[in-house]
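*Asks:* Got a structure for you, questions after.
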Amino acid sequence: MTSRILVIASGGGHWQQLMEVRAAWADQDVLHVTTMDDLPQRFDATPFEIVPDCNRDDKRAILACSWALLRLLLRFRPKVVLSTGALPGVIALALGKLVGARTIWLDSVANAEEMSMSGKVARRFADLWLSQWPHVAEAAGAEHAGSIL
């Protein structure tokens, strides 16, 4: 039985890490979402959608990203929303909870000393909150199920 899964990551390392673990949902009905137009094509990640990027300093961009994500979530109706970061992923988790999806946050392996700022916020919305570093997971109260390195 397949599940609808929305996976989302901002460009750069967040997207790269998301692509590193995509074998975990290879047999599912997946919608890939990112903020950079050329990324899904480079990774053969289809189907895909592009949403506006945002950061905490640009409230208009946050609203534009949130609106785009809400429309995607209402159209796709995922059972699960998974993100490796950053703020667009946090927004997707929060909105995913509103539409009844289970949510997963996988914090970036680059955050080797502490949970990322986005990861700390995502904790409120994540049913499964993961760090790729055992000592970071222990200090933050997250779970550790391995890393992609």
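According to this note's numbering, the sequence shown is numbered sequentially starting from -13.
Here a beta-carbon is modelled for each residue, glycine too, at the ideal position from N, C-alpha and C.
1) Does DSSP classify residue 69 as helix, strand or coil?
2) Can you give me the C-alpha to C-alpha distance between residue 69 and residue 91, rounded to a whole angstrom?
3) Mapping DSSP to helix, strand and coil, what is residue 34?
4) Quick test of the definition: if touching needs 3 or more C-beta pairs under 8 Å, does the segment 74 to 91 touch the segment 100 to 114?
5) Looking at C-alpha atoms only, which residue of 37, 41, 62 and 65 is the closest neighbour of residue 143?
6) Short of 7 Å in beta carbon distance, which residues of its chain neighbour residue 95, apart from the five on each side in sequence? Order them along the chain.
7) Run the CB neighbour count on residue 0, radius 10 Å, all protein chains shown included, and call it buried at 16 or more, exposed below.
*Replies:* To lay it out plainly:
1) The sequence position of residue 69 within the sequence shown is 83, counting from 1. If DSSP states are grouped into helix, strand and coil, residue 69 belongs with the strands.
2) Within the sequence shown, residue 69 is the residue found at index 83, counting from 1. Within the sequence shown, residue 91 is the residue found at index 105, counting from 1. Using only the alpha carbons, I get a separation of about 5 Å.
3) Position 48 of the sequence shown holds residue 34. The answer is strand: DSSP assigns residue 34 an E or B state.
4) Contact holds: three or more Cβ-Cβ distances are below 8 Å.
5) Residue numbering for the chain in the displayed model covers -13 to 135; residue 143 lies beyond these limits and cannot be assessed.
6) The residue given as residue 95 occupies position 109 in the sequence shown. Around residue 95: 3, 118, 133, 134 and 135.
7) As a first step, residue 0 is located in the sequence shown; it is residue number 14 there, counting from the start. It is buried - the Cβ of residue 0 has at least 16 other Cβ atoms within 10 Å.
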